[in-house]
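Working notes, structure below.
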Amino acid sequence: MLSVIIPSFNEHENIRRTAGTIAAILRNENIDYELIFVDDGSHDETWKEITDASLFDPNVRGIGFSRNFGKEGAIFAGLKNAAGDCAVVIDCDLQHPPELIPQMYRLWQGGAEVVEAVKASRGKEGLFHKLFAKSFYKLMKSSSGINLDGASDFKLMDRKVINALNELPERITFFRALSSWVGFTTERVEFDVQPRAAGKSKFSMKSLFRFAVNNITSFTNLPIHLITWVGVLFGVLALILGIQTLVKYFCGTAAEGFSTVILLILITGACVMVGIGVIGYYLSKIYEEIKQRPRYIISRTTGKSGGKEA
Ligand code: UDP
Ligand code: MG
Numbered sequence: 002m003l004s005v006i007i008p009s010f011n012e013h014e015n016i017r018r019t020a021g022t023i024a025a026i027l028r029n030e031n032i033d034y035e036l037i038f039v040d041d042g043s044h045d046e047t048w049k050e051i052t053d054a055s056l057f058d059p060n061v062r063g064i065g066f067s068r069n070f071g072k073e074g075a076i077f078a079g080l081k082n083a084a085g086d087c088a089v090v091i092d093c094d095l096q097h098p099p100e101l102i103p104q105m106y107r108l109w110q111g112g113a114e115v116v117e118a119v120k121a122s123r124g125k126e127g128l129f130h131k132l133f134a135k136s137f138y139k140l141m142k143s144s145s146g147i148n149l150d151g152a153s154d155f156k157l158m159d160r161k162v163i164n165a166l167n168e169l170p171e172r173i174t175f176f177r178a179l180s181s182w183v184g185f186t187t188e189r190v191e192f193d194v195q196p197r198a199a200g201k202s203k204f205s206m207k208s209l210f211r212f213a214v215n216n217i218t219s220f221t222n223l224p225i226h227l228i229t230w231v232g233v234l235f236g237v238l239a240l241i242l243g244i245q246t247l248v249k250y251f252c253g254t255a256a257e258g259f260s261t262v263i264l265l266i267l268i269t270g271a272c273v274m275v276g277i278g279v280i281g282y283y284l285s286k287i288y289e290e291i292k293q294r295p296r297y298i299i300s301r302t303t304g305k306s307g308g309k310e311a
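Numbering of the sequence shown is given in my numbering, commencing with residue 2 and proceeding in unit increments.
Structure below.
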């Protein structure tokens with residue numbers, strides 16, 4: 002059986018259409034399926050729509066969070082509760098074309114353990130958004146070696162991969178990179194990002210930025226090492242300046258040099274502050290992880306239960 006995991010946050014306009022579209026495609030291809038809608042603490046009628054959909058189609062299940070925990074939490078709740086031999090994660094807004102699922106499923110049957118759908122084109126996105134995504138992926142690749150170019154959360158995974166992901170102990174997750182970090186035989190299919198079926202994007206520029214910083218720091222220690230190197234660089238500069246000052250002093254030509262002092266204080270001050278800030282950031286991550294809080298809290302479920310939790 003194929004589990005389809007659909008994170009949904011304030012998607013009441015989309016639930017019925019998405020459930021209908023995906024179910025029709027899978028039934029058409031004779032693929033045994035379950036649809037798992039994970040309601041990520043929506044404030045609208047999403048949960049009611051999911052319940053209705055589960056009454057209409059017994060293959061539809063719903064998991065409702067106690068509040069908004071973010072898409073990552075929703076994906077991992079879906080993985081934990083998936084009963085299938087493989088599972089695919091897909092957006093609720095039909096921006097990931099569900100017509101691709103049968104093709105991904107066949108690749109899985111052919112032996113692929115992960116089938117990644119990569120974006121051939123990014124669809125309608127602002128220039129700034131595109132640029133931001135590009136530089137984020139570049140940084141991720143050069144610092145952690147994981148190539149995320151065109152990557153999306155639209156992926157099909159074998160049971161082995163799902164179990165591997167479920168066993169990861171960390172709280173702060175980045176599904177897109179983790180699913181490549183765990184390894185396994187991977188195949189790729191390309192797709193074009195579709196326009197949103199209904200509603201608005203749930204990610205603001207601010208949340209995207211937080212997302213980027215979060216993910217860079219959970220995948221690479223480069224920023225922390227960078228500080229050391231900046232420190233070394235400034236050490237060398239200080240040495241040169243120090244020698245120069247001493248030479249001038251002994252030659253009796255010691256200038257007023259007031260501006261140099263101020264500049265130096267400013268620059269070192271700034272470097273130390275930035276350094277402490279970065280260290281603080283990693284420290285806060287350790288703090289977050291060590292608290293061992295769950296990634297999400299489930300408040301309600303609907304439809305027949307299959308996975309471990311529900
Ligand atoms: N989503 C979620 N929790 C959130 C934000 C988004 O479960 O806090 C879901 C959302 O319902 C959708 C998917 O994640 O199914 C992708 O979100 P969206 O379409 O808003 O992002 P975009 O396509 O603009 O990147
Ligand atoms: Mg979308």
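Heads up, the beta-carbon is just placed ideally off N, CA and C, and yes, glycines get one too.
**Q.** Sequence ranges, alpha helix (DSSP H) only - wholly within the stretch 111-159, length at least 4
**A.** 128-145
Q. Does the ligand MG have even one heavy atom less than 7 Å from the beta-carbon of D33?
A. Residue numbering aside, residue 33 sits at position 32 when the sequence shown is read from its first letter. For the ligand MG, not one heavy atom lies less than 7 Å from the Cβ of D33.
Q: Measure the CB-CB distance between G304 and S145 and report whether it falls below 8 Å.
A: Mapped onto the sequence shown, residue 304 falls at position 303. Mapped onto the sequence shown, residue 145 falls at position 144. No.
Q | DSSP three-state assignment for P98, whether helix, strand or coil | A | As a working note, residue 98 is residue 97 in the sequence shown. Correct three-state label for P98: coil.
Q: Leaving out five residues on either side along the sequence, give the residues of the same chain with a beta carbon under 8 Å from the beta carbon of R189.
A: Residue mapping note: residue 189 aligns to position 188 of the sequence shown, counting from 1. Cβ neighbours of R189 beyond the five flanking positions: V116, E117, A118 and V119.
Q: Could you tell me whether any non-hydrogen atom of the ligand MG is closer than 7 Å to the CB of S122?
A: Numbered from its first residue, the sequence shown carries residue 122 at position 121. No, the beta carbon of S122 sits no closer than 7 Å to any heavy atom of the ligand MG.
**Q.** Residue range of the unbroken alpha helix (DSSP H) whose run includes A78
**A.** Counting from 1 along the sequence shown, the entry for residue 78 is found at position 77. A78 -> alpha helix (DSSP H) spans K72 to N82.
Q. Roughly how far, in whole angstroms, is the beta-carbon of G85 from the beta-carbon of E35, given that I think they are within contact range, below 8 Å?
A. Locating residue 85 in the sequence shown gives position 84, counting from the first residue. Locating residue 35 in the sequence shown gives position 34, counting from the first residue. Contact flag correct, Cβ pair sits at about 6 Å.
Q: Sort R294, G243, I37 and K139 by Cα distance to C87 and report the nearest one.
A: Counting from one through the sequence shown, the residue named residue 87 turns up at place 86. Checked all of R294, G243, I37 and K139; the closest Cα to C87 is I37.
Q. Is it right to say Y106 is buried, meaning 16 or more other beta carbons lie within 10 angstroms of its own, or is it exposed?
A. Working through the sequence shown from its first residue, we reach residue 106 at position 105. So Y106 ends up on the buried side.
Q.
So, with DSSP's three-state summary, where would you put D45?
A. Numbered from 1 along the sequence shown, position 44 holds the residue referred to as residue 45. Coil.
Q | Other residues of its chain near H44: CB distance less than 8 Å, five sequence neighbours each side excluded | A | Looking up residue 44 in the sequence shown gives position 43. So the qualifying residues of the chain are N11.
Q) Cβ-heavy atom distance between N60 and the ligand UDP below 7 Å? A) The sequence position of residue 60 within the sequence shown is 59, counting from 1. Answer for N60: no, Cβ out of range of the ligand UDP.
Q) What residues in its chain sit with their C-beta under 6 Å from that of A213, if we drop five residues either side in the sequence? A) Taking the first residue of the sequence shown as 1, we reach residue 213 at position 212. Around A213: F137.
Q: Determine the closest residue to R296 out of S219, T174 and D154, with distance taken between C-alpha atoms.
A: As a position in the sequence shown, residue 296 is number 295, starting the count at 1. That would be T174, whose Cα lies nearest to the Cα of R296.
Q) Quick one: is the Cβ of K72 within less than 7 Å of any heavy atom of the ligand UDP? A) On the sequence shown, residue 72 is found 71 positions in, with the first residue counted as 1. The answer is yes for K72.
Q: Taking only heavy atoms of the ligand UDP into account, decide whether any of them is closer than 7 Å to the Cβ of A75.
A: Your numbering for residue 75 matches position 74 in the sequence shown. Flag set: Cβ of A75 near the ligand UDP.
(Q) With the cut-off set at 8 Å, would you say A83 and S4 are in Cβ contact? (A) Against the sequence shown, residue 83 aligns to sequence position 82. Against the sequence shown, residue 4 aligns to sequence position 3. In this structure, S4 lies closer than 8 Å to A83 by Cβ.
Q) How about I102 and P8: do their beta carbons lie closer than 8 Å? A) For this step, residue 102 is matched to residue 101 along the sequence shown. For this step, residue 8 is matched to residue 7 along the sequence shown. No, the Cβ-Cβ distance between I102 and P8 is not below 8 Å.
Q: Please say whether I228 and G276 have beta carbons closer to each other than 8 Å?
A: Here the question's residue 276 lines up with position 275 in the sequence shown. Here the question's residue 228 lines up with position 227 in the sequence shown. Yes, these two residues count as a Cβ contact at 8 Å.
Q: Can you have a look at A311 and say buried or exposed, based on whether 16 or more other CB atoms are within 10 angstroms of its CB?
A: Residue mapping note: residue 311 aligns to position 310 of the sequence shown, counting from 1. Unreliable placement is indicated for A311, whose pLDDT of 47 sits below 50; no coordinate value is reported for it.
Q | Where A311 falls: helix, strand or coil (DSSP) | A | Here residue 311 refers to the residue found at position 310 when the sequence shown is read from its first residue. Low local confidence applies: a pLDDT of 47 at A311 is under 50, so the model's placement there is unreliable, with the coordinate-based value given in what follows. Note: A311 maps to coil in three-state DSSP.
(Q) Tell me which residues share the same chain as A121 and place their Cβ nearer than 8 Å to its Cβ, disregarding the 5 neighbours each side in the sequence. (A) Locating residue 121 in the sequence shown gives position 120, counting from the first residue. Counting only Cβ-Cβ distances below 8 Å, and skipping sequence neighbours, we find G151, E191, F192 and D193.
Q.
The beta strand (DSSP E) that contains F38, what's its start and end?
A. In the sequence shown, counting from the first residue as 1, residue 38 sits at position 37. It spans Y34 to D40 - the beta strand (DSSP E) in which F38 sits, taken as one unbroken run.
Q.
My assumption, with CB atoms under 8 Å, is that V90 sits in contact with K49. Please give the rounded CB distance.
A. Counted from its first residue, the sequence shown places residue 90 at position 89. Counted from its first residue, the sequence shown places residue 49 at position 48. That belief does not hold up - the Cβ atoms of V90 and K49 are roughly 23 Å apart, past 8 Å.
Q.
Is S202 a contact residue of the ligand MG, with contact defined as CB to any heavy atom under 7 Å?
A. Reading the sequence shown from its first residue, position 201 is the one you call residue 202. Checking the Cβ of S202 against the ligand MG gives yes.
Q) Taking 7 Å as the line, does the beta carbon of P8 fall inside it for any heavy atom of the ligand UDP? A) Locating residue 8 in the sequence shown gives position 7, counting from the first residue. P8: yes, Cβ under 7 Å from the ligand UDP.
Q: Kindly indicate the opening and closing residues of the alpha helix (DSSP H) around G21.
A: Translated into the one-based positions of the sequence shown, residue 21 becomes position 20. Element bounds for G21: I16 to N29.
Q) Do E12 and the ligand UDP come close, with the Cβ less than 7 Å from some heavy atom? A) By 1-based counting over the sequence shown, the position of residue 12 is 11. Because some heavy atom of the ligand UDP lies under 7 Å away, the Cβ of E12 counts as near it: yes.
Q: To the nearest angstrom, report how far apart I6 and L80 are at their CA atoms.
A: In the sequence shown, the residue the question calls residue 6 occupies position 5. In the sequence shown, the residue the question calls residue 80 occupies position 79. Looking at the two C-alpha atoms, the distance is approximately 7 Å.
Q: Please name the residue, chosen from I217, L240, V273 and F204, that lies closest to V231 on a Cα-to-Cα basis.
A: For this step, residue 231 is matched to residue 230 along the sequence shown. Nearest of I217, L240, V273 and F204 to V231, Cα basis: V273.
(Q) I want to check one thing, is the minimum distance from the CB of Q96 to the heavy atoms of the ligand UDP below 7 Å? (A) On the sequence shown, position 95 is the one that residue 96 refers to. Yes, the ligand UDP has a heavy atom inside 7 Å of this Cβ.
Q: Please indicate yes or no: does the CB of R301 lie closer than 7 Å to some heavy atom of the ligand UDP?
A: Within the sequence shown, the letter at position 300 stands for residue 301. No, since every heavy atom of the ligand UDP falls outside the 7 Å radius drawn around the Cβ of R301.
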